[in-house]
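Top line first, the protein sequences correspond to chains A and B.
Heads up, the first sequence is in our numbering, so the first residue is 21 and it goes up one at a time.
Heads up, the second sequence is in our numbering, so the first residue is 5 and it goes up one at a time.
Quick reminder that beta carbons are idealized off the backbone N, C-alpha and C, glycines included.
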Amino acid sequence: MILSPGSILRVGVLVLLAVVLQLSGMSQLGILGGHIDLVVLAVAAVAYYGGSVSGCATGFAAGFLLDLVSGATMGVSSLVLTATGYGVGRFRELRDPSHGLLPMGVGAAATGGFVVAFAAVSFMLDVGASVSPLVIRDAIVTTLLNALLALPVFTGARRLLGPALKVDPLERRRRRQPPRETGPLGLRGLEV
Amino acid sequence: MYDRNVVRRRRAALAVFVALSIAILTAYFGESGGGFFHALQRGAQEAFAPIETGASRALKPVRDLFGWAGDTFDAKGENKDLRKEVDRLRSALAESQTAQRDASQLKGLVGLRQDDGFPRGTEPVAARVIGRSPNVWYSSITIDKGSSDGVKVDQPVIAAGSDPDKDEVGGLAGKVTSVTGGTAQVTLITDASIGVAAQVMPSGATGVVRPAVGNPRDLLMEFVEGGRVTENTTVATSGFKIEKGQSLFPRGIPIGRVTDVNLDEVEIYQRVHLEPFADLKSIDIVQVLTRRPSGAQTAGVITP
């Protein structure tokens, strides 16, 4: 991602929107015992399009804002979302994926990793109360819901971040497609 | 080909943000309630309150739509249980009406002014929920009333039941943990840090109610003393102090109904499961009890 005031502003708007929507709407919207987690998807989207450095910076900022506004223990979400953003970013950098449906897998993996890591950190901080097995159901449902919602969120994030991106995986995928047959002159690859 | 500078920058960025997160976490745990990060949280909550209020109202139709769809799925399964519940409540109503008449006659005889259970003189302040914690590990809500409305830290909060029309009137929901001018943070009784001194009615057995993290329809009553607890009995705040710190909950706020009682192998330790009266999963409106009843006993809350 190109580091500029404009790109920081775009990522800031995306994070702010995700946090406000999460706290005011999605957290209160229970679906089959789980809920959508927009913040993880937003961080994963930025990391997917922007790389590991942008991913971990966005993860830290989103986690900090989330803990700040939700009144949770500060630092927990920052730590876990930093790792999530870095992980997704590194996946993008190492594997160089470009399949159109990949955001679903990335969203699911990021959410699954986030809920597991969040639970681990919460345990390490000594929860001090018994934990219901329904936590596992909540984690699974949240992961599945996020997988379903990943495509529109990633598409929205890509449009918002578009001008700030150095490399767009979707554009690269388009370039990889074989040239089309065009016209009687047999000019291949030229869009006449 | 790897550019060494890129690798270094990437690793440095990760190390910096992880170190910052751990530093914030450590500082947050180390400081008191009036420390820098707690004050920052209060400031942020105050700044975000108007945005959250607006967003919460704007998204209400969407929440209602999803709620309606979910309710329709659940309704079929609940119908059978509710019919049994109605039968049970009918007989309970007849018993309670008889008991109420007896009680009022006895009151007249001895000249006592008794409460019907719920503490009086607590001055409830109604508030709308404008935010909710995003995961099951931290169970808290943000409400749109704050210190300017008389809300203070540690005041008890009550909420309605899932269906007030079916006598599910609600009960204890949590306590206020931080306050700004126009908003307050309420830690629910399903938060891992909460423990409420409670008493089973009418047997009088006492214990501490704690959450089962991840399941808002299940609470656990531990350290039960004073007799065997049976199913379908009511649990309310006992008004006892169970830990250091100041008194919080007035005696007599209903918490939930006993759904299951487990005994350990030697049958000296009861583990009681309760279903909370308050519908903690979908709270829209709560009441903060802003004044402590004079002369009443109050219960404490364990905090880490």
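Beta-bridge partners of residue i, as assigned by DSSP
| i | result |
| --- | --- |
| residue 124/A | The partner list for residue 124/A (beta bridge, DSSP) is empty, contrary to what the question assumes. |
| residue 277/B | 224/B and 264/B |
| residue 182/B | 189/B |
| residue 204/B | 239/B |
| residue 214/B | 224/B |
| residue 229/B | 210/B |
| residue 1/B | Because chain B is modelled from 5 through 308, residue 1/B falls outside the range shown and cannot be assessed. |
| residue 151/A | 217/B |
| residue 51/A | 54/A |
| residue 175/B | 163/B |
Endpoints, the alpha helix (DSSP H) within which residue i is located
| i | result |
| --- | --- |
| residue 159/B | Counting along the chain, residue 159/B falls outside any alpha helix (DSSP H), and DSSP gives it neither H nor E. |
| residue 160/A | 154-181 |
| residue 55/B | 40-62 |
| residue 146/B | No alpha helix (DSSP H) contains residue 146/B, which is instead part of the beta strand (DSSP E) from 144-147. |
| residue 38/A | 25-44 |
| residue 115/A | 96-115 |
| residue 73/A | 72-90 |
Neighbour-count burial assignment, residue i, 16 or more Cβ in a 10 Å radius
| i | result |
| --- | --- |
| residue 56/A | buried |
| residue 92/B | exposed |
| residue 16/B | exposed |
| residue 37/B | exposed |
| residue 179/B | buried |
| residue 266/A | With chain A represented from 21 up to 212, any question about residue 266/A goes unanswered, as that position is not in the structure. |
| residue 203/B | buried |
| residue 148/B | buried |
| residue 166/A | buried |
| residue 139/A | buried |
| residue 133/B | buried |
| residue 152/A | buried |
| residue 141/B | buried |
| residue 139/B | buried |
| residue 40/B | exposed |
| residue 30/A | buried |
| residue 207/B | exposed |
| residue 156/A | exposed |
| residue 235/B | exposed |
| residue 121/A | exposed |
| residue 114/B | For residue 114/B, the predicted structure reports a pLDDT of 39, less than 50, and the residue's modelled location is therefore unreliable. A value from the coordinates is still provided. Answer is exposed; the Cβ neighbour count stays below 16. |
| residue 19/B | exposed |
| residue 54/B | exposed |
| residue 277/B | buried |
| residue 47/A | buried |
| residue 69/B | exposed |
| residue 152/B | exposed |
Nearest-angstrom beta carbon gap, residue j and residue i [assumed within contact, 8 Å]
| i | j | result |
| --- | --- | --- |
| residue 184/A | residue 26/A | 6 Å |
| residue 199/B | residue 150/B | Contact doesn't hold; Cβ gap of about 26 Å is too wide. |
| residue 163/B | residue 283/B | 7 Å |
| residue 108/A | residue 75/A | 6 Å |
| residue 43/A | residue 100/A | At roughly 17 Å, the Cβ-Cβ gap does not stay under 8 Å, so residue 43/A and residue 100/A are not in contact. |
| residue 24/B | residue 80/A | 7 Å |
| residue 194/B | residue 220/B | 5 Å |
| residue 60/A | residue 78/A | Not a contact, Cβ separation roughly 11 Å. |
| residue 69/A | residue 126/A | About 11 Å separates the two Cβ atoms, so there is no contact after all. |
| residue 229/B | residue 211/B | 7 Å |
| residue 217/B | residue 196/B | 5 Å |
| residue 192/B | residue 259/B | Between residue 259/B and residue 192/B the Cβ distance is about 12 Å, and since that is not below 8 Å, they are no contact. |
| residue 161/A | residue 45/A | That belief does not hold up - the Cβ atoms of residue 161/A and residue 45/A are roughly 17 Å apart, past 8 Å. |
| residue 124/A | residue 170/A | 5 Å |
Residue range of the unbroken beta strand (DSSP E) whose run includes residue i
| i | result |
| --- | --- |
| residue 239/B | 238-241 |
| residue 29/B | Note, residue 29/B: premise wrong, no beta strand (DSSP E); alpha helix (DSSP H) at 8-34. |
| residue 129/B | 128-136 |
Any C-beta of chain E under 8 Å from that of residue i
| i | result |
| --- | --- |
| residue 116/A | Of the protein chains in the structure, A and B, none is chain E. |
Q | Contacting positions in the region 37-66 of chain B - beta carbon closer than 7 Å to chain A | A | 41, 44, 45, 48, 49, 52, 55, 56, 59, 60, 63 and 66
Q) Got a sec: which bits of the region 86-106 of chain A sit with their beta carbon under 7 Å from any beta carbon on chain B, in order along the chain? A) 86, 88, 89, 90, 91, 92, 93, 94, 95, 96, 98, 99, 102 and 106
Q) Taking Cβ-Cβ distances below 9 Å as the criterion, which residues of the region 37-54 of chain A are in contact with chain B? A) 39, 40, 41, 42, 43, 44, 45, 46, 47, 48, 49, 50, 51 and 52
**Q.** Positions along the region 215-241 of chain B whose CB lies within less than 7 Å of some CB in chain A
**A.** 215, 216, 217, 218, 219, 222 and 224
Q. Got a sec: which bits of the region 152-180 of chain A sit with their beta carbon under 7 Å from any beta carbon on chain B, in order along the chain?
A. 152, 154, 155 and 158
Q.
So if I threshold CB-CB distances at 7 Å, which residues from the region 6-34 of chain B count as touching chain A?
A. 13, 14, 17, 18, 21, 22, 24, 25, 26, 28, 29 and 32
Q) Quick one, which residues of the region 182-196 of chain B are near chain A if we go by CB-CB under 7 Å, in chain order? A) 182, 189 and 196
(Q) At a CB distance below 8 Å, what residues from the region 131-147 of chain B approach chain A? Give them in sequence order. (A) 133, 134, 135, 136, 137, 138, 139, 140, 141, 142, 144 and 146
Q: Could you list the residues in the region 61-77 of chain A with a C-beta less than 7 Å from some C-beta on chain B, going in chain order?
A: 72, 73, 76 and 77
Q) Got a sec: which bits of the region 274-288 of chain B sit with their beta carbon under 8 Å from any beta carbon on chain A, in order along the chain? A) 285 and 286
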